[in-house]
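Undergrad: Encoded as C-alpha coordinates, here's the structure I'll be asking about.
This is the structure:
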(Lines of atoms letter the chains of each structure in order from A and count residues from 1; the text may use other names and numbers.)
(Lines give C-alpha, C1' and ligand atoms only; values in the text may rest on other atoms or scores of the structure.)
Protein backbone atom coordinates (compact mmCIF):
# COMPACT_ATOMS: atom_id res chain seq x y z
CA UNK A 1 0.00 0.00 0.00
CA UNK A 2 1.26 3.46 -0.85
CA UNK A 3 2.17 5.72 2.03
CA UNK A 4 -0.36 8.36 0.99
CA UNK A 5 -3.16 5.74 1.12
CA UNK A 6 -2.52 4.86 4.77
CA UNK A 7 -4.41 7.76 6.42
CA UNK A 8 -7.55 6.80 4.47
CA UNK A 9 -7.18 3.17 5.54
CA UNK A 10 -6.71 4.08 9.19
CA UNK A 11 -9.59 6.57 9.16
CA UNK A 12 -11.97 3.96 7.71
CA UNK A 13 -10.85 1.38 10.26
CA UNK A 14 -11.32 3.91 13.06
CA UNK A 15 -14.83 4.82 11.93
CA UNK A 16 -15.83 1.15 11.79
CA UNK A 17 -14.48 0.37 15.23
CA UNK A 18 -16.00 3.54 16.67
CA UNK A 19 -19.45 2.28 15.83
CA UNK A 20 -18.95 -0.35 18.53
CA UNK A 21 -18.66 2.33 21.23
CA UNK A 22 -21.97 4.04 21.84
CA UNK A 23 -22.88 7.01 24.00
CA UNK A 24 -25.44 6.51 26.76
CA UNK A 25 -27.97 8.31 24.59
CA UNK A 26 -27.44 5.84 21.77
CA UNK A 27 -25.53 8.09 19.36
CA UNK A 28 -21.93 7.37 18.40
CA UNK A 29 -19.57 9.34 20.61
CA UNK A 30 -17.26 10.17 17.73
CA UNK A 31 -18.64 12.90 15.49
CA UNK A 32 -15.65 13.81 13.37
CA UNK A 33 -13.19 11.79 11.32
CA UNK A 34 -10.43 13.82 12.96
CA UNK A 35 -11.34 12.54 16.44
CA UNK A 36 -9.44 9.63 17.97
CA UNK A 37 -11.29 6.47 18.84
CA UNK A 38 -13.13 6.96 22.15
CA UNK A 39 -11.71 5.07 25.12
CA UNK A 40 -13.05 1.55 25.71
CA UNK A 41 -14.93 0.72 28.92
CA UNK A 42 -12.69 0.87 31.96
CA UNK A 43 -10.85 -2.36 32.68
CA UNK A 44 -8.17 -0.91 34.98
CA UNK A 45 -8.06 0.39 38.52
CA UNK A 46 -9.33 -0.81 41.88
CA UNK A 47 -11.91 0.99 43.96
CA UNK A 48 -13.26 3.27 45.09
CA UNK A 49 -13.19 1.61 48.50
CA UNK A 50 -15.34 2.07 51.56
CA UNK A 51 -12.18 3.02 53.42
CA UNK A 52 -8.75 3.14 51.78
CA UNK A 53 -5.68 3.80 53.90
CA UNK A 54 -2.36 4.91 52.46
CA UNK A 55 0.02 4.01 55.27
CA UNK A 56 3.28 5.61 56.40
CA UNK A 57 3.69 8.05 53.52
CA UNK A 58 5.70 11.23 53.32
CA UNK A 59 3.27 13.95 52.27
CA UNK A 60 3.83 16.86 49.87
CA UNK A 61 0.39 18.43 50.09
CA UNK A 62 0.57 20.82 47.10
CA UNK A 63 0.12 24.04 49.07
CA UNK A 64 3.84 24.85 49.02
CA UNK A 65 4.38 23.43 52.50
CA UNK A 66 7.48 21.26 52.97
CA UNK A 67 7.30 17.48 52.94
CA UNK A 68 6.37 15.75 56.20
CA UNK A 69 5.66 12.30 57.47
CA UNK A 70 5.02 9.56 58.05
CA UNK A 71 1.26 10.02 57.77
CA UNK A 72 -1.75 7.89 57.00
CA UNK A 73 -4.12 9.25 54.38
CA UNK A 74 -7.64 7.90 54.81
CA UNK A 75 -10.03 7.90 51.87
CA UNK A 76 -13.72 7.09 52.04
CA UNK A 77 -15.23 6.49 48.62
CA UNK A 78 -13.83 9.25 46.43
CA UNK A 79 -13.05 11.78 49.19
CA UNK A 80 -10.12 12.27 51.52
CA UNK A 81 -11.45 11.66 55.04
CA UNK A 82 -8.38 12.45 57.11
CA UNK A 83 -4.61 12.91 57.12
CA UNK A 84 -3.17 11.63 60.39
CA UNK A 85 0.33 11.48 61.86
CA UNK A 86 1.50 7.93 62.55
CA UNK A 87 4.72 8.33 64.59
CA UNK A 88 6.32 10.58 67.13
CA UNK A 89 8.33 13.30 65.44
CA UNK A 90 11.51 14.66 67.05
CA UNK A 91 10.70 17.98 68.68
CA UNK A 92 6.94 17.42 68.48
CA UNK A 93 5.51 16.61 71.90
CA UNK A 94 2.08 15.62 70.60
CA UNK A 95 1.41 11.87 70.51
CA UNK A 96 0.92 10.10 67.21
CA UNK A 97 -2.61 9.20 66.23
CA UNK A 98 -3.53 5.55 66.49
CA UNK A 99 -3.95 3.77 63.13
CA UNK A 100 -7.53 3.66 61.96
CA UNK A 101 -9.00 0.52 60.36
CA UNK A 102 -9.46 0.32 56.59
CA UNK A 103 -11.00 -2.06 54.07
CA UNK A 104 -8.01 -1.70 51.74
CA UNK A 105 -4.45 -0.52 52.40
CA UNK A 106 -1.42 0.66 50.44
CA UNK A 107 1.91 0.43 52.21
CA UNK A 108 3.62 3.68 51.22
CA UNK A 109 6.59 3.32 53.56
CA UNK A 110 9.45 5.29 52.03
CA UNK A 111 7.14 6.72 49.36
CA UNK A 112 5.86 10.25 48.68
CA UNK A 113 2.23 11.24 48.20
CA UNK A 114 1.29 14.35 46.20
CA UNK A 115 -1.98 15.74 44.86
CA UNK A 116 -2.87 14.58 41.37
CA UNK A 117 -1.40 16.81 38.68
CA UNK A 118 -3.51 19.29 36.72
CA UNK A 119 -2.47 19.92 33.10
CA UNK A 120 -4.18 22.99 31.65
CA UNK A 121 -3.40 22.57 27.95
CA UNK A 122 -4.33 19.19 26.54
CA UNK A 123 -5.46 17.68 23.26
CA UNK A 124 -6.51 14.06 22.82
CA UNK A 125 -4.76 13.79 19.47
CA UNK A 126 -6.48 12.89 16.26
CA UNK A 127 -6.57 10.07 13.81
CA UNK A 128 -4.39 8.83 12.21
CA UNK A 129 -1.53 10.17 14.36
CA UNK A 130 -3.05 9.04 17.68
CA UNK A 131 -5.96 6.85 16.60
CA UNK A 132 -6.89 5.73 20.12
CA UNK A 133 -7.75 8.07 22.98
CA UNK A 134 -6.92 5.16 25.28
CA UNK A 135 -3.24 5.60 24.38
CA UNK A 136 -3.29 9.26 25.36
CA UNK A 137 -5.34 8.84 28.54
CA UNK A 138 -3.15 6.07 29.90
CA UNK A 139 0.00 8.11 29.31
CA UNK A 140 -1.58 11.01 31.17
CA UNK A 141 -2.66 8.91 34.16
CA UNK A 142 0.66 7.06 34.26
CA UNK A 143 2.34 10.44 34.76
CA UNK A 144 0.04 11.48 37.59
CA UNK A 145 -2.30 13.71 35.56
CA UNK A 146 -5.67 13.28 37.22
CA UNK A 147 -7.27 16.40 35.71
CA UNK A 148 -6.86 18.01 32.31
CA UNK A 149 -8.23 21.02 30.50
CA UNK A 150 -8.95 20.25 26.87
CA UNK A 151 -8.43 23.27 24.63
CA UNK A 152 -10.05 21.37 23.02
CA UNK A 153 -9.57 17.64 23.51
CA UNK A 154 -11.11 17.06 20.06
CA UNK A 155 -14.49 17.90 18.48
CA UNK A 156 -17.16 19.37 20.79
CA UNK A 157 -19.24 16.18 20.69
CA UNK A 158 -16.28 13.91 21.39
CA UNK A 159 -15.00 16.14 24.20
CA UNK A 160 -18.31 16.39 26.04
CA UNK A 161 -19.00 12.67 25.67
CA UNK A 162 -15.59 11.63 26.99
CA UNK A 163 -15.90 14.18 29.81
CA UNK A 164 -19.16 12.61 30.96
CA UNK A 165 -17.79 9.08 30.69
CA UNK A 166 -14.72 10.05 32.72
CA UNK A 167 -16.87 11.73 35.38
CA UNK A 168 -18.74 8.44 35.77
CA UNK A 169 -15.42 6.54 35.78
CA UNK A 170 -16.62 4.44 32.86
CA UNK A 171 -13.24 4.91 31.19
CA UNK A 172 -9.62 4.96 32.31
CA UNK A 173 -8.98 8.67 31.99
CA UNK A 174 -8.32 11.86 33.95
CA UNK A 175 -11.27 14.05 34.86
CA UNK A 176 -11.87 16.51 32.06
CA UNK A 177 -12.64 20.20 31.81
CA UNK A 178 -13.70 21.21 28.31
CA UNK A 179 -12.85 24.55 26.70
CA UNK A 180 -14.26 25.23 23.25
CA UNK A 181 -13.03 27.24 20.29
CA UNK A 182 -15.48 30.00 19.33
CA UNK A 183 -17.56 29.94 16.18
CA UNK A 184 -17.20 26.25 15.30
CA UNK A 185 -20.24 24.94 13.47
CA UNK A 186 -21.56 28.46 12.84
CA UNK A 187 -22.02 29.38 9.21
CA UNK A 188 -19.82 32.20 8.02
CA UNK A 189 -18.03 34.49 10.45
CA UNK A 190 -19.18 36.26 13.57
CA UNK A 191 -18.42 39.85 12.79
CA UNK A 192 -20.30 41.63 15.58
CA UNK A 193 -20.12 41.59 19.38
CA UNK A 194 -23.81 40.65 19.49
CA UNK A 195 -23.20 37.51 17.47
CA UNK A 196 -20.17 36.69 19.63
CA UNK A 197 -22.31 36.87 22.77
CA UNK A 198 -24.97 34.72 21.16
CA UNK A 199 -22.37 32.08 20.34
CA UNK A 200 -21.11 32.00 23.93
CA UNK A 201 -24.65 31.55 25.26
CA UNK A 202 -25.27 28.74 22.80
CA UNK A 203 -21.98 26.99 23.57
CA UNK A 204 -22.56 27.25 27.33
CA UNK A 205 -25.69 25.12 27.00
CA UNK A 206 -23.57 22.17 25.83
CA UNK A 207 -21.88 21.90 29.22
CA UNK A 208 -18.48 23.40 28.44
CA UNK A 209 -16.28 24.84 31.18
CA UNK A 210 -14.74 27.67 29.19
CA UNK A 211 -13.47 29.21 25.97
CA UNK A 212 -10.17 28.82 24.13
CA UNK A 213 -9.57 32.16 22.40
CA UNK A 214 -7.14 33.64 19.94
CA UNK A 215 -6.36 37.28 19.12
CA UNK A 216 -9.78 38.46 17.97
CA UNK A 217 -10.54 42.12 17.17
CA UNK A 218 -10.96 44.11 20.39
CA UNK A 219 -14.75 44.46 20.26
CA UNK A 220 -15.23 40.74 19.57
CA UNK A 221 -12.71 39.76 22.25
CA UNK A 222 -14.39 41.99 24.83
CA UNK A 223 -17.78 40.48 24.07
CA UNK A 224 -16.50 36.90 24.28
CA UNK A 225 -14.71 37.40 27.61
CA UNK A 226 -17.50 39.45 29.18
CA UNK A 227 -20.23 36.97 28.21
CA UNK A 228 -18.11 34.05 29.39
CA UNK A 229 -17.68 35.71 32.81
CA UNK A 230 -21.42 36.26 33.14
CA UNK A 231 -21.99 32.54 32.54
CA UNK A 232 -19.24 31.30 34.87
CA UNK A 233 -17.00 30.12 32.03
CA UNK A 234 -13.22 30.32 32.11
CA UNK A 235 -11.11 31.80 29.32
CA UNK A 236 -7.66 30.99 28.02
CA UNK A 237 -6.00 32.51 24.96
CA UNK A 238 -3.31 31.71 22.43
CA UNK A 239 -2.85 35.22 21.01
CA UNK A 240 -1.70 34.22 17.55
CA UNK A 241 0.58 36.34 15.40
CA UNK A 242 -2.20 37.03 12.89
CA UNK A 243 -4.06 39.20 15.41
CA UNK A 244 -1.61 40.05 18.17
CA UNK A 245 -0.81 43.51 16.77
CA UNK A 246 -4.31 44.53 17.87
CA UNK A 247 -4.76 42.19 20.85
CA UNK A 248 -1.64 41.52 22.89
CA UNK A 249 -1.48 40.06 26.40
CA UNK A 250 -1.83 43.46 28.10
CA UNK A 251 -4.92 44.23 26.01
CA UNK A 252 -6.49 40.85 26.77
CA UNK A 253 -5.72 41.08 30.50
CA UNK A 254 -7.46 44.45 30.65
CA UNK A 255 -10.54 42.83 29.12
CA UNK A 256 -10.52 40.17 31.85
CA UNK A 257 -8.80 37.21 30.18
CA UNK A 258 -8.31 34.40 32.69
CA UNK A 259 -5.24 32.58 31.34
CA UNK A 260 -2.51 33.40 28.85
CA UNK A 261 -1.22 30.17 27.35
CA UNK A 262 2.15 29.99 25.54
CA UNK A 263 4.12 33.24 25.13
CA UNK A 264 2.13 34.86 22.33
CA UNK A 265 1.20 38.42 23.18
CA UNK A 266 3.55 38.63 26.15
CA UNK A 267 6.64 39.81 24.29
CA UNK A 268 4.51 42.13 22.14
CA UNK A 269 3.39 43.82 25.38
CA UNK A 270 7.03 44.67 26.19
CA UNK A 271 8.31 46.09 22.88
CA UNK A 272 10.66 49.08 23.20
CA UNK A 273 10.69 50.77 19.82
CA UNK A 274 8.02 48.95 17.84
CA UNK A 275 4.37 48.01 18.07
CA UNK A 276 4.65 44.99 15.75
CA UNK A 277 7.39 42.42 15.32
CA UNK A 278 10.07 43.37 12.79
CA UNK A 279 9.36 40.63 10.29
CA UNK A 280 12.00 40.33 7.53
CA UNK A 281 11.22 41.07 3.91
CA UNK A 282 9.79 38.04 2.14
CA UNK A 283 8.46 36.52 5.38
CA UNK A 284 5.44 34.21 4.95
CA UNK A 285 3.47 33.40 8.08
CA UNK A 286 2.09 30.24 6.47
CA UNK A 287 5.61 28.80 6.30
CA UNK A 288 5.96 27.20 9.74
CA UNK A 289 9.74 27.12 9.78
CA UNK A 290 9.85 30.84 9.06
CA UNK A 291 7.16 31.52 11.64
CA UNK A 292 8.76 29.54 14.46
CA UNK A 293 12.26 30.66 13.60
CA UNK A 294 11.34 34.33 13.52
CA UNK A 295 9.16 34.43 16.62
CA UNK A 296 12.21 33.72 18.79
CA UNK A 297 13.95 36.82 17.42
CA UNK A 298 11.60 38.93 19.56
CA UNK A 299 13.92 38.65 22.54
CA UNK A 300 15.96 41.58 21.21
CA UNK A 301 12.91 43.87 20.91
CA UNK A 302 11.71 44.02 24.52
CA UNK A 303 12.46 46.15 27.55
CA UNK A 304 15.14 44.70 29.80
CA UNK A 305 14.42 42.66 32.89
CA UNK A 306 14.03 44.94 35.89
CA UNK A 307 13.18 48.02 33.83
CA UNK A 308 10.20 50.17 34.79
CA UNK A 309 8.28 48.83 31.78
CA UNK A 310 9.03 45.21 32.74
CA UNK A 311 7.86 45.80 36.32
CA UNK A 312 4.78 47.69 35.17
CA UNK A 313 3.62 44.81 32.96
CA UNK A 314 4.11 42.33 35.79
CA UNK A 315 2.12 44.55 38.14
CA UNK A 316 -0.68 45.01 35.63
CA UNK A 317 -0.98 41.27 34.98
CA UNK A 318 -1.15 40.72 38.74
CA UNK A 319 -3.79 43.42 39.20
CA UNK A 320 -6.00 41.60 36.69
CA UNK A 321 -5.35 38.15 38.26
CA UNK A 322 -4.03 36.84 34.96
CA UNK A 323 -2.75 33.26 35.09
CA UNK A 324 0.39 32.50 33.08
CA UNK A 325 0.36 29.02 31.57
CA UNK A 326 3.70 29.07 29.73
CA UNK A 327 3.96 25.60 28.15
CA UNK A 328 7.76 25.82 28.03
CA UNK A 329 7.88 22.18 26.98
CA UNK A 330 5.89 22.81 23.81
CA UNK A 331 8.74 24.62 22.06
CA UNK A 332 11.72 23.08 23.84
CA UNK A 333 12.81 21.21 20.70
CA UNK A 334 13.42 24.58 19.07
CA UNK A 335 16.47 25.18 21.23
CA UNK A 336 17.90 21.66 20.81
CA UNK A 337 16.06 19.58 18.26
CA UNK A 338 18.46 16.61 18.51
CA UNK A 339 17.80 16.24 22.22
CA UNK A 340 14.02 16.22 21.79
CA UNK A 341 14.19 13.89 18.81
CA UNK A 342 16.22 11.34 20.76
CA UNK A 343 14.39 11.43 24.13
CA UNK A 344 14.68 8.01 25.72
CA UNK A 345 10.94 7.35 25.93
CA UNK A 346 10.24 7.56 22.19
CA UNK A 347 11.40 4.03 21.38
CA UNK A 348 8.98 2.32 23.74
CA UNK A 349 6.10 4.76 24.23
CA UNK A 350 5.72 6.93 21.10
CA UNK A 351 3.38 5.51 18.47
CA UNK A 352 4.96 5.16 15.02
CA UNK A 353 2.05 7.18 13.58
CA UNK A 354 2.78 9.95 16.07
CA UNK A 355 6.46 9.78 15.15
CA UNK A 356 5.51 10.19 11.50
CA UNK A 357 3.69 13.37 12.48
CA UNK A 358 6.73 14.71 14.34
CA UNK A 359 9.28 14.44 11.55
CA UNK A 360 9.87 17.48 9.28
CA UNK A 361 6.85 18.16 7.10
CA UNK A 362 5.36 21.14 5.30
CA UNK A 363 1.89 19.79 6.09
CA UNK A 364 1.88 18.65 9.72
CA UNK A 365 1.51 21.41 12.31
CA UNK A 366 4.62 21.83 14.44
CA UNK A 367 6.84 19.68 12.22
CA UNK A 368 8.78 22.74 11.15
CA UNK A 369 12.39 21.55 11.29
CA UNK A 370 12.90 21.61 7.53
CA UNK A 371 16.41 23.00 7.83
CA UNK A 372 16.85 23.98 11.47
CA UNK A 373 20.13 25.74 12.13
CA UNK A 374 22.41 26.63 15.01
CA UNK A 375 21.29 30.24 14.45
CA UNK A 376 17.71 29.18 15.13
CA UNK A 377 18.59 27.22 18.25
CA UNK A 378 20.67 30.06 19.69
CA UNK A 379 17.80 32.50 19.10
CA UNK A 380 15.44 30.18 20.97
CA UNK A 381 17.88 29.74 23.86
CA UNK A 382 18.05 33.52 24.25
CA UNK A 383 14.28 33.76 23.90
CA UNK A 384 13.83 31.22 26.69
CA UNK A 385 16.10 33.20 29.02
CA UNK A 386 13.86 36.25 28.72
CA UNK A 387 10.61 34.26 28.80
CA UNK A 388 11.63 32.23 31.86
CA UNK A 389 12.83 35.34 33.67
CA UNK A 390 9.45 37.03 33.20
CA UNK A 391 7.50 33.98 34.36
CA UNK A 392 9.73 33.55 37.40
CA UNK A 393 9.41 37.22 38.32
CA UNK A 394 5.63 36.92 38.04
CA UNK A 395 5.67 33.93 40.38
CA UNK A 396 7.88 35.82 42.83
CA UNK A 397 5.42 38.72 43.04
CA UNK A 398 2.55 36.34 43.80
CA UNK A 399 1.22 35.83 40.27
CA UNK A 400 -0.25 32.44 39.44
CA UNK A 401 1.70 30.17 37.10
CA UNK A 402 0.43 26.75 36.05
CA UNK A 403 1.67 23.57 34.39
CA UNK A 404 0.64 22.35 30.95
CA UNK A 405 2.09 20.49 27.99
CA UNK A 406 0.20 20.87 24.68
CA UNK A 407 1.69 17.48 23.74
CA UNK A 408 1.25 15.60 20.49
CA UNK A 409 3.39 18.04 18.50
CA UNK A 410 7.06 18.99 18.12
CA UNK A 411 8.49 15.72 19.54
CA UNK A 412 6.46 16.14 22.75
CA UNK A 413 4.83 12.86 23.74
CA UNK A 414 1.81 12.85 26.06
CA UNK A 415 2.50 12.55 29.79
CA UNK A 416 6.26 12.81 29.47
CA UNK A 417 5.87 16.40 28.28
CA UNK A 418 4.00 17.38 31.46
CA UNK A 419 6.88 16.22 33.65
CA UNK A 420 9.34 18.01 31.35
CA UNK A 421 7.31 21.19 31.86
CA UNK A 422 7.80 20.81 35.59
CA UNK A 423 11.56 20.48 35.09
CA UNK A 424 11.56 23.60 32.93
CA UNK A 425 9.80 25.59 35.63
CA UNK A 426 12.62 24.60 37.97
CA UNK A 427 15.08 25.79 35.33
CA UNK A 428 13.19 29.10 35.24
CA UNK A 429 13.86 29.55 38.97
CA UNK A 430 10.99 27.76 40.74
CA UNK A 431 11.76 25.65 43.80
CA UNK A 432 10.38 22.13 43.30
CA UNK A 433 7.71 22.86 45.94
CA UNK A 434 6.65 25.84 43.82
CA UNK A 435 6.66 23.62 40.75
CA UNK A 436 4.38 21.08 42.43
CA UNK A 437 2.07 23.85 43.64
CA UNK A 438 1.85 25.13 40.05
CA UNK A 439 0.94 21.60 38.92
CA UNK A 440 -1.69 21.06 41.61
CA UNK A 441 -3.24 23.86 43.69
CA UNK A 442 -2.75 26.61 41.12
CA UNK A 443 -4.17 24.49 38.32
CA UNK A 444 -7.23 23.68 40.40
CA UNK A 445 -7.77 27.33 41.33
CA UNK A 446 -7.61 28.32 37.66
CA UNK A 447 -10.37 25.84 36.83
CA UNK A 448 -12.74 26.56 39.71
CA UNK A 449 -12.49 30.33 40.18
CA UNK A 450 -14.45 31.21 37.01
CA UNK A 451 -17.28 29.04 38.36
CA UNK A 452 -17.21 30.86 41.68
CA UNK A 453 -16.63 27.55 43.43
CA UNK A 454 -14.03 26.33 45.94
CA UNK A 455 -11.46 23.87 44.66
CA UNK A 456 -12.41 20.18 44.76
CA UNK A 457 -8.86 18.86 44.29
CA UNK A 458 -5.32 20.23 44.05
CA UNK A 459 -4.34 19.84 47.73
CA UNK A 460 -4.18 16.77 49.96
CA UNK A 461 -6.77 17.83 52.52
CA UNK A 462 -9.75 16.27 54.23
CA UNK A 463 -12.95 16.84 52.30
CA UNK A 464 -11.39 17.14 48.85
CA UNK A 465 -11.54 14.57 46.08
CA UNK A 466 -9.12 11.70 46.35
CA UNK A 467 -6.86 12.58 43.42
CA UNK A 468 -3.34 11.56 44.42
CA UNK A 469 0.06 10.50 43.12
CA UNK A 470 2.28 7.98 44.94
CA UNK A 471 5.93 7.90 43.89
CA UNK A 472 8.70 5.78 45.46
CA UNK A 473 11.36 8.51 45.24
CA UNK A 474 11.60 12.09 46.48
CA UNK A 475 10.50 14.46 43.68
CA UNK A 476 11.88 17.45 45.59
CA UNK A 477 15.35 15.92 45.26
CA UNK A 478 14.84 15.12 41.58
CA UNK A 479 11.75 15.81 39.46
CA UNK A 480 13.02 13.24 36.95
CA UNK A 481 11.67 10.46 39.18
CA UNK A 482 8.18 11.44 37.95
CA UNK A 483 8.88 10.35 34.36
CA UNK A 484 7.44 7.01 33.34
CA UNK A 485 10.96 5.98 32.42
CA UNK A 486 12.28 7.10 35.81
CA UNK A 487 15.92 8.10 35.95
CA UNK A 488 19.29 6.39 36.12
CA UNK A 489 21.28 6.25 39.35
CA UNK A 490 24.50 4.52 40.25
CA UNK A 491 24.16 1.98 43.05
CA UNK A 492 27.35 2.55 45.01
CA UNK A 493 27.08 -0.83 46.74
CA UNK A 494 26.77 -2.92 43.59
CA UNK A 495 28.53 -0.58 41.17
CA UNK A 496 25.57 -1.03 38.79
CA UNK A 497 23.48 1.68 37.18
CA UNK A 498 19.82 1.28 38.13
CA UNK A 499 16.54 2.75 37.00
CA UNK A 500 14.71 4.40 39.88
CA UNK A 501 11.46 6.25 40.18
CA UNK A 502 8.46 6.34 37.97
CA UNK A 503 5.08 6.97 39.56
CA UNK A 504 3.82 3.83 41.32
CA UNK A 505 0.13 4.62 41.73
CA UNK A 506 -2.18 7.32 40.41
CA UNK A 507 -5.43 7.68 42.32
CA UNK A 508 -8.29 9.46 40.58
CA UNK A 509 -11.67 9.78 42.29
CA UNK A 510 -10.62 7.16 44.84
CA UNK A 511 -9.76 4.60 42.14
CA UNK A 512 -6.22 3.25 42.37
CA UNK A 513 -4.40 2.81 39.05
CA UNK A 514 -1.10 0.97 38.77
CA UNK A 515 0.99 3.42 36.72
CA UNK A 516 3.41 0.71 35.61
CA UNK A 517 0.58 -1.41 34.24
CA UNK A 518 -0.78 1.59 32.35
CA UNK A 519 2.64 2.15 30.77
CA UNK A 520 2.86 -1.53 29.88
CA UNK A 521 -0.49 -1.19 28.08
CA UNK A 522 0.86 1.79 26.16
CA UNK A 523 3.99 -0.16 25.20
CA UNK A 524 1.77 -2.96 23.87
CA UNK A 525 -0.17 -0.46 21.74
CA UNK A 526 3.09 0.83 20.27
CA UNK A 527 4.31 -2.69 19.52
CA UNK A 528 0.96 -3.59 17.95
CA UNK A 529 1.13 -0.65 15.59
CA UNK A 530 4.69 -1.55 14.66
CA UNK A 531 3.57 -5.12 13.96
CA UNK A 532 0.63 -3.93 11.86
CA UNK A 533 2.96 -1.80 9.77
CA UNK A 534 5.37 -4.68 9.34
CA UNK A 535 2.52 -6.93 8.23
CA UNK A 536 1.60 -4.59 5.39
CA UNK A 537 5.21 -4.15 4.36
CA UNK A 538 5.56 -0.64 5.72
CA UNK A 539 8.64 -0.97 7.89
CA UNK A 540 11.92 0.57 6.85
CA UNK A 541 13.32 1.55 10.24
CA UNK A 542 15.93 4.24 10.47
CA UNK A 543 16.86 4.49 14.12
CA UNK A 544 17.82 7.75 15.76
CA UNK A 545 18.97 5.76 18.78
CA UNK A 546 21.54 3.47 17.15
CA UNK A 547 19.73 0.20 17.85
CA UNK A 548 18.57 -0.39 14.30
CA UNK A 549 15.02 -0.88 15.60
CA UNK A 550 13.80 2.68 15.79
CA UNK A 551 11.14 4.61 13.94
CA UNK A 552 11.09 5.24 10.24
CA UNK A 553 11.98 8.86 9.60
CA UNK A 554 11.52 8.82 5.84
CA UNK A 555 9.92 6.55 3.28
CA UNK A 556 8.99 6.92 -0.38
CA UNK A 557 5.80 8.91 -0.55
CA UNK A 558 5.95 10.27 3.00
CA UNK A 559 5.42 13.96 3.74
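Residue numbers (mature numbering (1 follows the signal peptide of the UniProt record, and there is no 0)): -29 to -1, 1 to 530.
The beta-carbon is built from N, C-alpha and C at its ideal position, and this holds for glycine as well.
Given the structure is predicted, the values throughout are model-derived calculations rather than measurements.
From 268, 474, 86, pick the residue whose C-alpha is nearest to that of residue 431; which is it?
TA: Restricting attention to 268, 474, 86, the CA atom closest to the CA of residue 431 is found in 86.
Undergrad: Please report the straight-line C-alpha distance between residue -11 and residue 8, rounded to a whole angstrom.
TA: Low per-residue confidence applies at residue -11: pLDDT is 30, beneath 50, and the placement is therefore not dependable, though the value from the model is reported in the following sentence. For residue -11 and residue 8, the distance between alpha carbons rounds to 10 Å.
Undergrad: Bridge partners of residue 50, per DSSP?
TA: 47, 436
Undergrad: Tell me the rounded alpha-carbon separation between residue 126 and residue 14.
TA: Going from the Cα of residue 126 to the Cα of residue 14 covers about 25 Å.
Undergrad: Secondary structure at residue 601, three-state DSSP: helix, strand or coil?
TA: Because the chain in this structure spans residues -29 to 530, residue 601 falls outside the shown range and cannot be described.
Undergrad: Can you tell which of 473, 505, 484, 502 has its C-alpha closest to the C-alpha of residue 108?
TA: 484
Undergrad: Less than 7 Å between the beta carbons of residue 577 and residue 443, yes or no?
TA: As displayed, the chain neither begins before -29 nor continues past 530, which places residue 577 out of reach and without an answer.
Undergrad: Between 407, 169, 463, which lies nearest to residue 201 when the distance is taken from Cα to Cα?
TA: 169
Undergrad: Tell me whether the beta-carbon of residue 204 lies closer than 7 Å to the beta-carbon of residue 220.
TA: no
Undergrad: In angstroms, rounded to a whole number, what distance separates the CA positions of residue 345 and residue 353?
TA: For residue 345 and residue 353, the gap between their C-alpha atoms comes out near 12 Å.
Undergrad: Give the range of the beta strand (DSSP E) segment to which residue 382 is assigned.
TA: It is not in any beta strand (DSSP E) - residue 382 carries neither H nor E in the DSSP assignment.
Undergrad: What distance in whole Å lies between the Cβ atoms of residue 38 and residue 31, which are believed to be in contact at a cut-off of 8 Å?
TA: 5 Å
Undergrad: List, from N- to C-terminal side, the beta strand (DSSP E) runs of 3 residues or more that fit wholly inside the stretch 210 to 246.
TA: Runs found: 230 to 232.
Undergrad: Is residue 175 near residue 215, with beta carbons less than 7 Å apart?
TA: no
Undergrad: Measuring CA to CA, which of 301, 91, 240, 355 is closest to residue 146?
TA: 91
Undergrad: What's the gap between the Cα of residue 102 and the Cα of residue 368?
TA: 43 Å
Undergrad: Give, in chain order, every unbroken run of the alpha helix (DSSP H) that is at least 4 residues long and sits entirely within the stretch 154 to 201.
TA: 164 to 175, 189 to 201
Undergrad: What residue range does the beta strand (DSSP E) around residue 147 cover?
TA: 146 to 151
Undergrad: Near residue 347, which residues of its chain fall below 6 Å by C-beta distance, leaving aside the five closest residues on each side in sequence?
TA: 264
Undergrad: Output the residue ranges of the alpha helix (DSSP H) runs that lie fully inside the stretch 450 to 509 and measure 4 residues or longer, sorted by chain position.
TA: As far as the stretch 450 to 509 is concerned, its whole alpha helix (DSSP H) runs of at least 4 residues are 486 to 506.
Undergrad: Would you mind stating whether residue 381 and residue 337 have Cβ atoms separated by less than 7 Å?
TA: A distance below 7 Å separates the beta carbons of residue 381 and residue 337.
Undergrad: What did DSSP end up calling residue 370 once you bin it into helix, strand or coil?
TA: coil
Undergrad: Report yes or no: do three or more beta-carbon pairs, one from the stretch 469 to 486 and one from the stretch 112 to 125, lie closer than 8 Å?
TA: yes
Undergrad: For the stretch 459 to 474 against the stretch 69 to 84, do three or more pairs of beta-carbon atoms, one drawn from each stretch, fall closer than 8 Å, so that the two count as touching?
TA: Per the Cβ contact rule, the stretch 459 to 474 is not in contact with the stretch 69 to 84 (fewer than 3 Cβ pairs under 8 Å).
Undergrad: Specify, as a first and last residue, the run of the beta strand (DSSP E) that residue 86 falls within.
TA: 83 to 86
Undergrad: So residue 21 is in the beta strand (DSSP E); what residue range does that whole segment cover?
TA: 20 to 30
Undergrad: Which partner residues does residue 294 have in the DSSP bridge list?
TA: Paired residues: 230.
Undergrad: Since residue 410 contacts residue 89 with CB under 8 Å, what's their CB separation in whole angstroms?
TA: About 6 Å; that satisfies the 8 Å criterion.
Undergrad: Can you grab the Cα-Cα spacing for the pair residue 224 / residue 140, in whole Å?
TA: 36 Å
Undergrad: Here's a check: name, in chain order, each residue in its chain whose Cβ is nearer than 7 Å to the Cβ of residue 211, leaving out the five neighbours to either side.
TA: 185, 186, 235
Undergrad: Measure how close the beta-carbons of residue 504 and residue 331 come, nearest whole angstrom, since I'm counting them as under 8 Å.
TA: Rounded, the Cβ-Cβ distance is 20 Å, inconsistent with contact.
Undergrad: Note down, in chain order, each residue of its chain lying with its Cβ closer than 8 Å to the Cβ of residue 289, except the 5 sequence neighbours on either side.
TA: 365, 368, 369, 370
Undergrad: Given a cut-off of 7 Å on the beta-carbon distance, is the pair residue 143 and residue 182 in contact?
TA: no
Undergrad: Between which residues of its own chain and residue 493 is the CB-CB distance below 8 Å, once the five residues before and five after are set aside?
TA: Excluding positions up to five away in sequence, the list reads 106, 109, 110, 113, 320.
Undergrad: Distance check for residue 423 and residue 148, CA to CA, integer angstroms please.
TA: 15 Å
Undergrad: To the nearest angstrom, report how far apart residue 478 and residue 438 are at their CA atoms.
TA: Pairing residue 478 with residue 438, the inter-Cα distance amounts to about 5 Å.
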